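What follows is one structure encoded as structure tokens, with my remarks underneath.
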Amino acid sequence: MPRMNDDVAAALDELARLTKVDEQDPNSFRVRAYEKAARAIESLSDDVTEMSANALTTVDGVGKSTAAKIRQYVDDGRIDKLEALREQYPPGQLELLDVPGLGPKMLALLDEVLEVRDLAGLQAALADGRFADLPGLGDKTAENLAHAIDRMHLASKTRRRPIHDVLPVAERLVADLAEVPGVEQVAFAGSLRRFRDTIGDVDLLVTTADPAPVMAALRDHDLVSDVVGSGDTKTSVVTRDGLSVDLRVVPAASLGAAMVYFTGSKGHNIALRQRAIDRGWTLSEYALSDTETDEVVAGATEQDVYDALDLAWVAPELREDNGEVARAAADDLPRLVELDDLRGDLHDHTDWSGDGRNTMEEMVAAAAARGLDYLAITDHAEDLRINGIDRDGMRRQRRELADLEDQRGDLRLLHGAELNIGTDGSVDYDPDFLAEFGFGVASVHSAFTRSVADQTARLVTAIRNPAVNVIGHPSGRKLGKRPGIEFDLDAVIEACLATGTALEINSNLHRLDATAEVVRDAGRAGVLFAISTDAHTTRELDNARHGVTQSRRGGLPAEQVVNTWPRARFLDWVEQVRSG
DNA sequence: GCCGTTTTCGGCCCGACTGTTTTCAGTCG
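Numbering-wise (this note's numbering), the first sequence opens with residue 586 and increments by one.
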């Protein structure tokens, strides 16, 4: 969460990359140690600037040496070893590593034999045949690298993209491949299944007795522009817009082991493997099996694999090597939210305000069709000049909603508003008018770049406002477009706990806000959450599943989500907050 | 570089694909 942690993680990642080149070994233990430390610092909720070297060594994956490097970075803004390596390997040379199929060994060979130290030099050496004459290399490798350079602008192994660009593609591929004759099961794994904000590539798993047709179906798919490789069990392609997709075919008896393996994360898998080794077993994508006898211990389902390792099944969203393995071993994992748990939606727009597309009647009917028991209509309020509703409008809408509730007799319909949080934390209207609403969401829609102190004060003021039940999309981020506001989470947590105000988990794939880190840290502190769709159309009510997944990624216990509560308990909470 | 219910030394996850090797090296995830 603290920004300095991200800077430190980035420095450690760069150190890993340079060390990989320096040692000419992608699996160097030192490289892996730096990478593991980077992930550990990234997911740490404590601020590294406030930690001593000793405190840093208590972080799993950080030892004395890395702790000293982190301290030096925090204190001096530099790391001696990093500076030395930067000196030794100029950026142009490192760019060569971005070429798919070119690793540290080839990098060293190019440097030593051909004195090639940048992309232009490589292209020249590929063109005039010097590359193909290198020991252990030939024409085919040269051809492949030339092709890889040509499409680098398309699919870069370093470029991750927002999940809203990737999930629809993956879901379409899964649906299409499921139609191929002989295919039994298809699923995506990888960081997409873990529901990270950004995705590097798509991993698809298929079970079938006959792999050839499904491999062909992927190679020939409309969305695919380039085939990187295709063998008996694995095919790699790139889509037209540059997304890498890997397809693996595994036997049905191995699907569980394969799902574990390809879902990751790497750190989570290594932790599982260690437990397997401790028991005299080995864990691969095919099975958990006995090292001596090769006898299969488990593999058909994920549950079997975790059971055999004496672990509770770990939800994919939690598999980030953040201590979830230890919690699974202690049977101490939280009961996470399922889509069926949601009884209401608390942030919904209609065509009463400028950007909603469906009528109130349509939105309510759609919510009823999805089995909800209560719904808050929260159109934009008057401060949003473009599309907010004025006071008379709000009163008329309130009467119409009450009539609708009477006519239908099924859902409890709350009349609220999505209030706009000004730069000073104030919201639309005045206290008396605000008190007429039955519900309130308040969100930041502007001034995203104020100081941390300003944004914190802004949020805390809004949280303390009794007309505010929920803080909508707390950071205001849009994935791939703009970062959210930065604020002091501890202060926000404290205010929420004092007032009972909930933080929203906005289900829109472009937002996923609160972030997983905020959900995790505020959730652990006991803060309440609302999983809301922010739907502007009836279709967008289906986004609730994404909000649920986001809450799971933050490890949030279902008990802390107010819209999983039965109607009476939920309404009590609404009134409790509003009575100050 | 990290780590310790066998260990403060000696381990550290595992397999597919490709190309260039007639048995393996490099890269990738």
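Glycine is no exception: its CB is placed at the ideal position from the N, C-alpha and C atoms. None of the values given here were measured: they were computed from a predicted structure.
Going straight from the alpha carbon of L679 to that of R671, what length do you get? In the first sequence, residue 679 corresponds to position 94, counting from 1. In the first sequence, residue 671 corresponds to position 86, counting from 1. One C-alpha to the other measures close to 10 Å.
Given a cut-off of 8 Å on the beta-carbon distance, is the pair S1092 and G1065 in contact? Working through the first sequence from its first residue, we reach residue 1092 at position 507. Working through the first sequence from its first residue, we reach residue 1065 at position 480. Result no, Cβ atoms of S1092 and G1065 do not sit closer than 8 Å.
Look at D610 and P685 and say whether their C-beta atoms are less than 8 Å apart. Numbered from its first residue, the first sequence carries residue 610 at position 25. Numbered from its first residue, the first sequence carries residue 685 at position 100. It is not a contact, given that the beta carbons lie outside the stated cut-off.
Where Y619 falls: helix, strand or coil (DSSP): Stepping through the first sequence from its first residue, residue 619 is reached at position 34. Correct three-state label for Y619: helix.
At 3 residues or longer, what runs of the beta strand (DSSP E) sit wholly inside the stretch 852 to 934? 866 to 868, 873 to 875, 881 to 883, 929 to 933
Starting from R1138, trace the alpha helix (DSSP H) both ways and give me its first and last residue. Position 553 of the first sequence holds residue 1138. Per DSSP, R1138 belongs to the alpha helix (DSSP H) from 1129 to 1138.
Roughly how many angstroms lie between the CA atoms of K742 and D683, to the nearest whole one? Numbered from 1 along the first sequence, position 157 holds the residue referred to as residue 742. Numbered from 1 along the first sequence, position 98 holds the residue referred to as residue 683. Model confidence at K742 stands at a pLDDT of 47, short of 50, so the residue's coordinates are unreliable; what they give is reported in the following sentence. Distance between the alpha carbons of K742 and D683: 7 Å.
Extent of the continuous beta strand (DSSP E) run through L1088: Position 503 of the first sequence, counted from the start, is the residue given in the question as residue 1088. Taken as a continuous stretch (DSSP letters only), the beta strand (DSSP E) holding L1088 covers 1087 to 1091.
Cβ separation of G785 and R745, assumed to be a contact under 8 Å, to the nearest whole Å: Looking up residue 785 in the first sequence gives position 200. Looking up residue 745 in the first sequence gives position 160. Right, the Cβ-Cβ distance comes to about 5 Å (below 8 Å), so this counts as a contact.
Own chain residues within Cβ distance below 8 Å of G852, not counting five before or after: Indexing the first sequence from 1 puts residue 852 at position 267. Once the five neighbours on either side are set aside, the close Cβ partners of G852 are K621, R624, E905, D906.
Evaluate the contact criterion for the stretch 908 to 921 versus the stretch 934 to 945: three or more CB pairs, one atom per stretch, below 8 Å. no
Extent of the continuous alpha helix (DSSP H) run through K819: For the purposes of this step, residue 819 is taken as residue 234 along the first sequence, with counting starting at 1. No alpha helix (DSSP H) contains K819, which is instead part of the beta strand (DSSP E) from 819 to 824.
Contact defined as beta carbons within less than 8 Å: I believe Y962 pairs with L998. What is the distance between those atoms, to the nearest angstrom? To locate residue 962, count along the first sequence from 1; it is residue 377. To locate residue 998, count along the first sequence from 1; it is residue 413. Inspection of the sequence shows that residue 962 is occupied by Ile rather than by Tyr. Right, their Cβ atoms sit about 7 Å apart.
Does the distance from the CB of L1156 to the CB of A1107 come in under 8 Å? Counting from one through the first sequence, the residue named residue 1156 turns up at place 571. Counting from one through the first sequence, the residue named residue 1107 turns up at place 522. In this structure, A1107 does not lie closer than 8 Å to L1156 by Cβ.
Residues sharing a beta bridge with F1114, DSSP: Along the first sequence, one-based indexing puts residue 1114 at 529. According to DSSP, F1114 bridges with L1088, V1146.
Say whether the stretch 795 to 802 touches the stretch 835 to 849, bearing in mind that this needs 3 or more beta-carbon pairs closer than 8 Å, one atom from each stretch. no
Along the chain, which unbroken stretches of the alpha helix (DSSP H) at least 4 residues long are found entirely within the stretch 618 to 647? 638 to 642
Which residue wins for smallest C-alpha separation from L553, given the options H1000, M948, H1030? There is simply no residue 553 to check, as the chain begins at 586 and stops at 1165 in what is shown.
Could you give the residue range of the alpha helix (DSSP H) that holds V659? In the first sequence, residue 659 corresponds to position 74, counting from 1. Run containing V659: 649 to 661, per the alpha helix (DSSP H) assignment.
In three-state DSSP terms, what is E1102? Position 517 of the first sequence, counted from the start, is the residue given in the question as residue 1102. The answer is helix: DSSP assigns E1102 an H, G or I state.
Is K649 closer than 8 Å to T642 when the C-beta atoms are compared? Numbered from 1 along the first sequence, position 57 holds the residue referred to as residue 642. Numbered from 1 along the first sequence, position 64 holds the residue referred to as residue 649. Result yes, Cβ atoms of T642 and K649 sit closer than 8 Å.
Nearest-angstrom Cα distance between G721 and I855? Working through the first sequence from its first residue, we reach residue 721 at position 136. Working through the first sequence from its first residue, we reach residue 855 at position 270. G721 and I855: Cα-Cα distance of roughly 32 Å.
Between which residues of its own chain and Q1145 is the CB-CB distance below 8 Å, once the five residues before and five after are set aside? Position 560 of the first sequence, counted from the start, is the residue given in the question as residue 1145. Excluding sequence neighbours, Q1145 sits near G1108, G1111, V1112, L1113, F1114.
According to DSSP, is M586 helix, strand or coil? Residue mapping note: residue 586 aligns to position 1 of the first sequence, counting from 1. Confidence in M586 is poor, its pLDDT being 47 and thus under 50, which makes the residue's placement unreliable; the coordinate value appears in the next sentence. Reduced to three states, the DSSP call for M586 is coil.
With a threshold of 8 Å on Cβ separation, who are the neighbours of L957 within its own chain once the five nearest residues in sequence on each side are excluded? In the first sequence, the residue the question calls residue 957 occupies position 372. So the qualifying residues of the chain are L927, R928, G929, D930, L996.
Where the beta strand (DSSP E) through N943 begins and ends: The count along the first sequence starts at 1 and reaches residue 943 at position 358. Segment: none, N943 is in no beta strand (DSSP E) and carries neither H nor E.
Could you spell out where the beta strand (DSSP E) holding F773 opens and where it closes? Here the question's residue 773 lines up with position 188 in the first sequence. Here the beta strand (DSSP E) through F773 covers 768 to 773.
In this structure, how does DSSP classify R736 when only helix, strand and coil are distinguished? As a first step, residue 736 must be located in the first sequence, where it is residue number 151. Note: R736 maps to coil in three-state DSSP.
Drop a sphere of 10 angstroms on the beta-carbon of N590, count the other beta-carbons inside from all chains shown, and report buried for 16 or more, exposed for fewer. Residue mapping note: residue 590 aligns to position 5 of the first sequence, counting from 1. Buried, by the Cβ-count rule.
S810 (DSSP reduced to helix, strand or coil): If you number the first sequence from 1, residue 810 lands on position 225. Here S810 sits in strand by DSSP.
Taking the beta carbon of Q1161 as the centre, do at least 16 other beta carbons fall within 10 Å, making it buried, or is it exposed? By 1-based counting over the first sequence, the position of residue 1161 is 576. By the 10 Å Cβ count, Q1161 comes out exposed.
Am I right that A900 and V882 are in contact with their C-beta atoms under 8 Å? What's the rounded C-beta distance? In the first sequence, counting from the first residue as 1, residue 900 sits at position 315. In the first sequence, counting from the first residue as 1, residue 882 sits at position 297. 22 Å between Cβ atoms; not a contact.
Within 10 angstroms of the Cβ of R663, are there 16 or more other Cβ atoms? Answer buried if so, exposed if not. By one-based count along the first sequence, residue 663 stands at place 78. Exposed: under 16 other Cβ atoms inside 10 Å.
Look at the Cβ atom of E990, then the Cβ atom of V1026, and state whether they are nearer than 8 Å. Residue mapping note: residue 990 aligns to position 405 of the first sequence, counting from 1. Residue mapping note: residue 1026 aligns to position 441 of the first sequence, counting from 1. No, these two residues do not count as a Cβ contact at 8 Å.
May I ask you to report which of helix, strand or coil DSSP gives G1057? To locate residue 1057, count along the first sequence from 1; it is residue 472. Residue state, collapsed to three classes: strand.
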